[in-house]
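Novice: Got a structure for you, questions after.
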Amino acid sequence: MLRFLHLKTCEENMLRTRIVPSSRRIVPEVEAAIEIAWRATLARPGVNLFDGPVCRLEGLRSDAGGLNVDLSHTSYRIVVGTNFANPQMADLHGPDVMGNPLGVSCGLITSDGRLMMGRRNHTVAYYPGRIHPFAGSLEVKPVIDLFANVRRELYEELALEASDLEHVLCLGAAEDAGLRHPEMIFAARARLDSAAIERQLDAAEHHGIWSVRHEPDAISEALTTEDTLTPIARAVLLMCGRQDFGIEWFNSAAADHL
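123 is the number that numbering that gives the first Met the number 0 gives to position 124 of the sequence shown; each next residue is one higher, with no gaps.
Okay, structure coming up:
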């Protein structure tokens with residue numbers, strides 16, 4: 000299941016970030032569970048992770064000029080130990096004990112009218128084997144540029160240069176309600192067709208490509224019949240549809256996924 004945190008379309012100059020102090024609350028029981036989960040994750044065959052810095056979502060604020068995203072710093076170990084391995088901690092101790100990493104997820108629309116995502120391989124930390132957008136954690140820098148992070152992910156996963164992209168648009172934010180994992184959702188229109196993009200797939204994170212015609216009926220059918228879509232994959236389909244097919248289509252299609 001998923002939750003829409005914000006449905007506001009933003010061009011690049013309308014999306015702003017700032018770094019604020021972390022509001023994450025420390026609870027000994029939670030910290031112990033984080034350590035156990037981290038060790039268990041590292042022990043999985045084929046998993047290669049490190050405890051790097053990530054950005055924690057502190058808040059979203061909308062104004063006349065666009066959308067403001069407040070971020071703090073946390074670590075991947077905390078994210079794995081809370082959101083990925085122990086999402087129930089939010090119910091037991093309150094949502095402020097969670098890592099709440101903010102990621103970026105992108106629906107890629109090709110020149111031949113297909114919306115593409117990846118089929119995740121079995122070495123990823125969460126949702127192995129599932130259909131998921133081209134996505135990633137934010138690169139921790141003094142100034143966080145969300146659009147630059149989207150372009151970086153598309154380059155790393157699909158070798159797409161900035162010149163290969165006709166337009167990138169932020170569609171808002173959604174949360175995987177199971178993992179309590181927030182994501183900024185984007186749509187990118189490519190100048191390449193689906194076959195050319197598929198040939199460029201990096202197998203480090205995805206073992207294949209999944210795509211659907213970017214048309215109302217085809218998206219609706221995929222939402223109904225494709226049971227390996229992750230919650231954020233569903234959010235991308237719905238929010239891309241909201242942008243291109245209208246609010247009435249969105250309200251009808253989203254009713255079964257909230």
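A virtual CB, placed ideally from N, CA and C, is assigned to each residue, including glycine.
Could you tell me the boundaries of the alpha helix (DSSP H) in which G240 lies?
Specialist: 230-244
Novice: Could you pull the start and end residues of the beta strand (DSSP E) that T109 belongs to?
Specialist: T109 -> no beta strand (DSSP E), and no H or E assigned at all.
Novice: L56: which of T223, S210, A173 sits nearest, CA to CA?
Specialist: A173
Novice: Across the segment 87-104 and the segment 49-68, are there enough close Cβ pairs to call them in contact, namely three or more that are closer than 8 Å?
Specialist: yes
Novice: According to DSSP, is T122 helix, strand or coil?
Specialist: coil
Novice: Would you list the residues sitting across from V167 in a DSSP beta bridge?
Specialist: A187
Novice: By DSSP, does S61 sit in helix, in strand, or in coil?
Specialist: Strand, per DSSP.
Novice: Throw me the rounded Cβ distance for the T122 and S193 pair, which I believe falls under 8 Å.
Specialist: With 8 Å as the limit, T122 and S193 do not qualify as a contact, their Cβ atoms being about 25 Å apart.
Novice: Taking only the alpha-carbon atoms, compute the straight-line gap between P132 and L159 and give it to the nearest angstrom.
Specialist: 15 Å
Novice: Whole angstroms is fine: what's the gap from S74's alpha carbon to I208's?
Specialist: Looking at the two C-alpha atoms, the distance is approximately 30 Å.
Novice: What are the boundary residues of the beta strand (DSSP E) that I208 is part of?
Specialist: Start and end: 205-212.
Novice: Leaving aside the five residues before and after E155 along the sequence, list all residues of the same chain whose C-beta is less than 7 Å from its C-beta, in chain order.
Specialist: D201
Novice: To which residues does DSSP link L70 through a beta bridge?
Specialist: The partner list for L70 (beta bridge, DSSP) reads I18, L56.
Novice: What is the residue span of the alpha helix (DSSP H) that L222 lies within?
Specialist: 215-224
Novice: From R188, C9, F83, pick the residue whose C-alpha is nearest to that of A39; which is it?
Specialist: Cα-wise, what sits closest to A39 is F83.
Novice: Could you spell out the range, first to last residue, of the alpha helix (DSSP H) harbouring F133?
Specialist: Taken as a continuous stretch (DSSP letters only), F133 belongs to no alpha helix (DSSP H), being part of the beta strand (DSSP E) at 133-136.
Novice: Go to H5, then tell me how far its beta strand (DSSP E) extends in each direction, as first and last residue.
Specialist: 1-5
Novice: What distance in whole Å lies between the Cβ atoms of A195 and V149, which are believed to be in contact at a cut-off of 8 Å?
Specialist: Not a contact, Cβ separation roughly 19 Å.
Novice: Would you call the segment 1-15 and the segment 59-69 touching, i.e. three or more CB-CB distances under 8 Å?
Specialist: Touching, yes.
Novice: Is it buried or exposed for M0, if we count other Cβ within 10 angstroms and need 16 for buried?
Specialist: exposed
Novice: What did DSSP end up calling M88 once you bin it into helix, strand or coil?
Specialist: helix
Novice: Here's the rule: buried if 16 or more other CB atoms are within 10 angstroms of the residue's CB, otherwise exposed. What is H166?
Specialist: exposed
Novice: In angstroms with no decimal places, state the Cα-to-Cα distance between E138 and A221.
Specialist: 32 Å
Novice: Could you give the distance in angstroms between the alpha-carbon of V211 and the alpha-carbon of I130?
Specialist: 12 Å
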